[in-house]
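In my numbering, the protein residues as written are 551 to 919. Remarks on the structure that follows.
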Ligand SMILES: Cc1ncc(COP(=O)(O)O)c(C=O)c1O
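Pasting the structure below:
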């Protein structure tokens, strides 16, 4: 018997969006579009591509483990000290490490929304620590008063994805201010702002930087995977109190962000045009997708991210499967938390038209088909 820890065996492996090639192979399709993983439909910044091509010549050299240049670039971009920054192999890695440094016993408690980003669960399970899931409110938003009520002296960590994945909904600054007042003082709050660039500028939209700079026990997390289009090279970052950064530096692998990712990130940060184009396209895409869902009688959530979550009013798995057979990969709600919901990412106009036509066909009443 191999003595794997009991709590590890109770953890579920991540279930990713289906890859395009797999769907083509399995269903014998030539054309497949993936609107399942909230990637950037315009691809990476051309500046990042050029930087990676150049850097490829140097891949025999270990990267800078402290990611000095990347942190300097992020510090200038964000207006926060480089010493408050941490970088990771995607923000997924930072989520994992935040769990490691804060949760270590069965008495420790972690609170998250339900449904929210699925990578928070293992941060508690690996402890193993107690995982408390607080249902979203009736508008699919984080119920911050209920989350505050769920906290005790044993609560160490509380997650808010803002905008939330899978729903795309946001909480407002006034609500986060109140939450921070209501929570016991030892609770560290993570504002996961993976979709920040899409929601930035919304009225009363909170910014984790402000809380961190004011000395609150708040960590902000962001990523290059979404608006910057670098999901494949894996690069995320976070900022927080000195004690958190110090602890992360103690547990992280020495070269946790590879050299190509570091240079891609610096180049992408300098490409405002690419982000602007992405965000503008996204605004139009959200409107379009909301209209598509409404047309077939589904109820889309108000989204501030680069995807839409909609309640189809019937089991979403068969709809997901029928869309797949028409060459469109989406994400069914049974793996995300609501079996009647479907999540679709904003794509190019052509990709979204393909989705719209397929959804109309799939959702049409049987008699009119
Ligand atoms: C809310 C949220 N946080 C974090 C991540 C992880 O992003 P990455 O590891 O690609 O930086 C995602 C990815 O989908 C996400 O939706």
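Glycine residues also receive a C-beta, built at the ideal position from the N, C-alpha and C atoms.
Buried versus exposed, by CB contacts within 10 Å (16 or more), residue i
{"i": "residue 800", "result": "exposed"}
{"i": "residue 775", "result": "buried"}
{"i": "residue 609", "result": "exposed"}
{"i": "residue 611", "result": "exposed"}
{"i": "residue 845", "result": "exposed"}
{"i": "residue 584", "result": "buried"}
{"i": "residue 566", "result": "exposed"}
{"i": "residue 689", "result": "exposed"}
{"i": "residue 865", "result": "exposed"}
{"i": "residue 674", "result": "buried"}
{"i": "residue 551", "result": "exposed"}
{"i": "residue 578", "result": "exposed"}
{"i": "residue 796", "result": "exposed"}
{"i": "residue 858", "result": "buried"}
Check: residue i C-beta below 8 Å from any heavy atom of ligand 1
{"i": "residue 557", "result": "no"}
Cβ-Cβ separation, residue j to residue i (assumed contact under 8 Å), whole Å
{"i": "residue 720", "j": "residue 755", "result": "6 Å"}
{"i": "residue 740", "j": "residue 707", "result": "7 Å"}
{"i": "residue 791", "j": "residue 762", "result": "7 Å"}
{"i": "residue 780", "j": "residue 605", "result": "Not really, about 13 Å apart at Cβ, beyond 8 Å."}
{"i": "residue 625", "j": "residue 617", "result": "Not a contact, Cβ separation roughly 11 Å."}
{"i": "residue 836", "j": "residue 860", "result": "Actually they do not touch by this definition, with Cβ atoms about 12 Å apart."}
{"i": "residue 639", "j": "residue 784", "result": "5 Å"}
{"i": "residue 725", "j": "residue 694", "result": "5 Å"}
{"i": "residue 773", "j": "residue 786", "result": "4 Å"}
{"i": "residue 718", "j": "residue 692", "result": "Not really, about 12 Å apart at Cβ, beyond 8 Å."}
{"i": "residue 777", "j": "residue 748", "result": "6 Å"}
Original post:
Who's in the neighbourhood of ligand 1, going by beta-carbon under 5 Å from any heavy atom, listed in chain order?
Top reply: 640, 641, 642, 667, 711, 715, 742, 744, 773, 775 and 786
Original post:
Hey, which unbroken runs of the beta strand (DSSP E) at 3 residues or more fall wholly within the region 641–669?
Top reply: 659–664
**OP:** For the region 745–769, list the alpha helix (DSSP H) runs that are entirely contained and at least 4 residues long, ordered along the chain.
**Re:** 746–749 and 758–763
Original post:
Which whole runs of the beta strand (DSSP E) in the region 786–850 are 3 residues long or more, in chain order?
Top reply: 786–789
Original post:
Enumerated in chain order, which unbroken segments of the alpha helix (DSSP H) with a length of 4 residues or greater are wholly contained in the region 853–892?
Top reply: 866–875
Subject >> beta strand (DSSP E) segments (min. 3 residues) lying fully within the region 704–735 >> reply: 705–711
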